[in-house]
Each structure stands twice: as structure tokens, then as C-alpha cells.
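Participant: Heads up: the sequence shown is residues 1 to 285, going by UniProt numbering.
Each residue gets a CB set at the ideal place from its N, CA and C atoms; glycine is no exception.
Structure provided below as C-alpha cells; questions to follow.
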Amino acid sequence: MAAAAGAVLMAIGMGGCGTSVSVVTEGAAQGPTIAIGVAADQPGLGWLHGGEYSGFDIDVAKYVAKTLGYAEKQIVFRQLTPDARISSLADGTVDMIVDSFSVDGAHDGEADVAGPYLTVHEALLVRTDDSSAVKGADDLSGKTVCAVTGSAAAHDIRGRAEHAVVRERGTYPQCVTALMIGEADAIATDDAIATGLAANNTGDHMKIVDVPDVEWFYGIAVKSGQSELVGQIDAALRAMVKDGSWQRAADDMNGTIGYVPDAKTNPPTASAQDSSSDSSASSEK
């Protein structure tokens with residue numbers, strides 16, 4: 001990190017979830033900074049609008065960073081696409097990733113992952129006019145599916161819809177455009193991201209098709225070999241649940257995009273060892 005990676009975990013009660021965080025200009029913060037990789041194209045999760053980042057992932061990132069001892073002015077958000085997340089950790093562009101990053105399918109030791117902090121389900125986003133014909137992955141045979149490069153959905157949909165044509169794009173807005181102009185018949189993603197994308201588009205043009213039997217777990221990724229930091233982040237996430245900040249952030253997400261996390265699996269217990277057989281993760285998701 002820009003400050004010591006093993007920053008002492010501080011007992012700080014945070015009650016400010018649901019607020020937006022202004023983009024920090026590099027060099028403006030006084031003292032050490034922490035660079036956090038986030039999404040900018042996921043309404044309700046990681047969303048950049050009017051010069052401010054907002055969303056559930058942003059609330060989580062802010063809480064964790066402050067619990068690790070950073071003031072708000074020391075938090076630098078850096079926009080990442082899924083395919084650039086792991087490389088950005090490896091080259092030091094970011095210190096951690098809070099960007100709908102899945103702890104599932106951990107392998108290769110590419111990153112250490114804390115969490116989970118949110119459980120989601122796989123979902124498809126389809127045009128409203130086609131919603132009666134697409135009820136799940138089994139209905140995608142011969143259809144074109146858009147998925148974001150580097151996401152878990154891009155990998156998973158190939159196994160679940162073997163006869164679909166999967167075409168990857170770099171961002172979610174590009175997939176939405178492909179869907180709306182007929183270049184794609186569905187977008188493969190999760191139900192949180194799908195809800196945000198649908199809510200951000202005016203009119204009743206898109207419908208969400210849930211795939212409830214497939215769960216993914218959002219975690220916070222850091223550079224491989226930082227097990228102590230993972231433990232500190234896990235403790236911060238547990239504190240976020242205990243003091244009510246997690247629920248306030250979830251309520252704000254519901255108010256913004258209408259997404260309510262599944263109460264049967266949320267909030268999850270933050271412990272990387274509990275959600276995966278290994279604390280390392282791939283760049284999927």
C-alpha cells in the first residue's frame with residue numbers, strides 16, 4: 001500500500017454508509033494514501049457519476065479503509081475493468097480491489113481475498129420482448145450472449161450454455177448497447193449488477209432472468225502473500241455487519257436500484273477460509 005500494508009487495525013465505528021465519495025485527485029491527499037480499484041459502470045455497486053463514486057462496493061471500501069486507519073482524503077479510487085484487476089494489483093496500481101470480485105473458484109495464487117461481504121446469484125439480462133423465450137441458461141442455445149471480459153459470468157456461461165455464442169465486451173455499458181441494438185440476446189452477469197443496469201436504463205426495455213442455483217461471493221482482493229492484511233479486512237467486514245453499517249449500505253443500494261440481498265445468505269460471515277478452500281483467487285468475476 002501507499003502506507004504500510006500491515007496497518008494496525010483500529011476500532012472505529014462507522015455510520016456513514018450510503019454516502020458518496022468524491023474522486024480524489026492524485027497528489028491532493030496529505031500523508032499516505034490507499035489506492036482502491038473499483039468499478040465505475042455498475043449502478044448501485046460501483047458507479048461514477050458527476051465526479052463522485054457511489055454504491056455498495058464504495059461504501060464497503062470506504063468503511064474498510066477507514067477501519068485500517070485511513071482518512072477519507074487518503075482514499076484514492078481507481079476505475080478498473082474486470083480484465084485489469086489482477087494486473088493492477090500485481091504492478092501496484094491499486095492496493096486492494098472492491099469491485100464485485102468473486103472469491104469463488106480460487107486458484108493460481110493470483111491474489112489473496114478477504115470476505116465475503118455479499119452473496120449474489122447468477123442472472124441474465126434480456127430484452128423485455130424476449131423474456132418469455134429466455135427463462136434460463138438452457139434457452140440460450142443458438143443465441144448470442146454478451147459477457148464482460150474477465151468476469152466470472154464470462155467463464156461460467158460457456159459451461160452452462162454450451163451452444164450459445166458468447167461475445168465479450170470490455171464494459172457493462174457496451175453489453176447493454178449490444179443487447180439493445182440486437183447484437184446480443186442476453187447479458188450474462190449476477191443479479192446485483194443486472195438490477196443496477198436495468199434500473200439505470202429508462203423504460204421497461206430489459207428483464208432480469210434469475211439463475212438462483214448459482215451463487216457467487218464478493219470479496220476484497222489484495223496482492224498475494226498478505227495474509228495478515230486479509231485478516232484485518234475480514235475483521236473490518238465483521239465489524240461493519242455488527243455495527244449496522246452493512247445493513248445501512250444494503251438499504252441504500254435498495255433505495256438506489258431496488259436490489260435487496262438474499263436474506264438467506266446475507267450478510268455473509270467475512271472469512272476467506274470459510275467461503276473458499278483457498279484464500280487466493282482468480283481474476284474471474
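#1: In the DSSP assignment, find the beta strand (DSSP E) that holds residue 242 and state where it starts and stops.
#2: Exposed or buried, residue 204, counting other C-beta atoms within 10 Å across all chains shown (16 or more means buried)?
#3: Does DSSP put residue 173 in a helix, a strand or coil?
#4: In or out: residue 66 buried (at least 16 other Cβ within 10 Å) or exposed?
#5: Please classify residue 228 as buried or exposed, where buried requires at least 16 neighbouring CB atoms within 10 angstroms.
#6: Taking Cβ positions, are residue 360 and residue 153 nearer each other than 8 Å?
#7: Looking at C-alpha atoms only, which residue of 243, 234, 258 and 131 is the closest neighbour of residue 191?
#8: With burial defined as no fewer than 16 other Cβ atoms inside 10 Å of the residue's Cβ, what is the status of residue 32: buried or exposed?
#9: Curious, which full-length beta strand (DSSP E) runs of at least 3 residues does the segment 114-176 contain?
#10: Can you look up residue 75 in the DSSP assignment and give me helix, strand or coil?
#11: Figure out for me which residue from 169, 178, 138 and 177 has the closest Cα to the Cα of residue 163.
#12: Pull up the distance between the alpha-carbon of residue 213 and that of residue 194, whole angstroms please.
#13: Measuring CB to CB, does residue 123 end up less than 8 Å from residue 223?
#14: In its own chain, which residues sit with a C-beta less than 7 Å from the C-beta of residue 178, not counting the 5 before and 5 after it?
#15: Give me whichever residues DSSP pairs with residue 97 in a beta bridge.
#16: Mind reading off the beta-carbon distance from residue 57 to residue 102? Whole number of angstroms is fine, and I expect it under 8 Å.
#17: How is the alpha helix (DSSP H) around residue 86 delimited, first residue to last?
#18: Determine the DSSP secondary structure at residue 103, reduced to helix, strand or coil.
#19: Would the beta-carbon of residue 98 fall within 8 Å of that of residue 60?
#20: Could you give the DSSP three-state label for residue 63: helix, strand or coil?
#21: With DSSP as the reference, please indicate the residues paired to residue 49 in a beta bridge.
#22: Under the rule that 16 or more other beta-carbon atoms within 10 Å means buried, what is residue 73, buried or exposed?
#23: List the endpoints of the continuous alpha helix (DSSP H) containing residue 251.
#24: Whose CA, out of 151, 208, 166 and 116, lies closest to the CA of residue 235?
#25: Have a look at 188, 34, 217 and 37 and flag the residue whose alpha-carbon is nearest the alpha-carbon of residue 157.
Facilitator: So, from the data block:
#1: Taking the sequence shown and counting its residues from 1, the one referred to as residue 242 is at position 242. Element bounds for residue 242: not the beta strand (DSSP E) but the alpha helix (DSSP H), 227-242.
#2: Against the sequence shown, residue 204 aligns to sequence position 204. Counting Cβ neighbours within 10 Å, residue 204 comes out exposed, since fewer than 16 surround it.
#3: By 1-based counting over the sequence shown, the position of residue 173 is 173. Note: residue 173 maps to helix in three-state DSSP.
#4: Within the sequence shown, residue 66 is the residue found at index 66, counting from 1. So residue 66 ends up on the buried side.
#5: Numbered from 1 along the sequence shown, position 228 holds the residue referred to as residue 228. Residue 228 comes out exposed.
#6: Residue 360 cannot be examined here, being either before or after the span of the chain that is shown, 1 to 285.
#7: Here residue 191 corresponds to residue number 191 of the sequence shown, with the count starting at 1. Closest by C-alpha distance to residue 191, out of 243, 234, 258 and 131, is 258.
#8: As a first step, residue 32 is located in the sequence shown; it is residue number 32 there, counting from the start. When all chains shown are included, residue 32 counts as exposed.
#9: Listed in chain order, the complete beta strand (DSSP E) runs (minimum 3 residues) inside the segment 114-176 are 144-148 and 165-169.
#10: By 1-based counting over the sequence shown, the position of residue 75 is 75. It is a strand residue.
#11: As a position in the sequence shown, residue 163 is number 163, starting the count at 1. Of 169, 178, 138 and 177, the smallest CA-CA separation from residue 163 is found for 138.
#12: Taking the first residue of the sequence shown as 1, we reach residue 213 at position 213. Taking the first residue of the sequence shown as 1, we reach residue 194 at position 194. One C-alpha to the other measures close to 16 Å.
#13: Here residue 123 refers to the residue found at position 123 of the sequence shown. Here residue 223 refers to the residue found at position 223 of the sequence shown. No, they are not a contact pair.
#14: The sequence position of residue 178 within the sequence shown is 178, counting from 1. Spatial neighbours of residue 178 in its own chain (CB-CB distance under 7 Å, excluding positions within 5 residues in sequence) are listed in chain order as 146, 169 and 184.
#15: Residue mapping note: residue 97 aligns to position 97 of the sequence shown, counting from 1. Residue pairing from DSSP places residue 97 in a beta bridge opposite 37 and 221.
#16: Counting from 1 along the sequence shown, the entry for residue 57 is found at position 57. Counting from 1 along the sequence shown, the entry for residue 102 is found at position 102. In fact, because the Cβ distance is near 13 Å, the residues do not count as touching under 8 Å.
#17: Start at 1 with the first residue of the sequence shown, and residue 86 comes out as number 86. If you look at residue 86, you'll find it in the alpha helix (DSSP H) that goes 85-90.
#18: Taking the sequence shown and counting its residues from 1, one reaches residue 103 at position 103. For residue 103, the three-state secondary structure derived from DSSP is coil.
#19: As a position in the sequence shown, residue 98 is number 98, starting the count at 1. As a position in the sequence shown, residue 60 is number 60, starting the count at 1. It is a contact, given that the beta carbons lie within the stated cut-off.
#20: Position 63 of the sequence shown, counting from 1, holds the residue named residue 63. Three-state result, residue 63: helix.
#21: Reading the sequence shown from its first residue, position 49 is the one you call residue 49. Bridge partners of residue 49: 52.
#22: The count along the sequence shown starts at 1 and reaches residue 73 at position 73. That one is exposed.
#23: As a first step, residue 251 is located in the sequence shown; it is residue number 251 there, counting from the start. Residue 251: member of the alpha helix (DSSP H) spanning 245-257, first to last residue.
#24: Looking up residue 235 in the sequence shown gives position 235. Residue 116 is the option with its Cα nearest to residue 235.
#25: Position 157 of the sequence shown holds residue 157. Per the Cα distances, 188.
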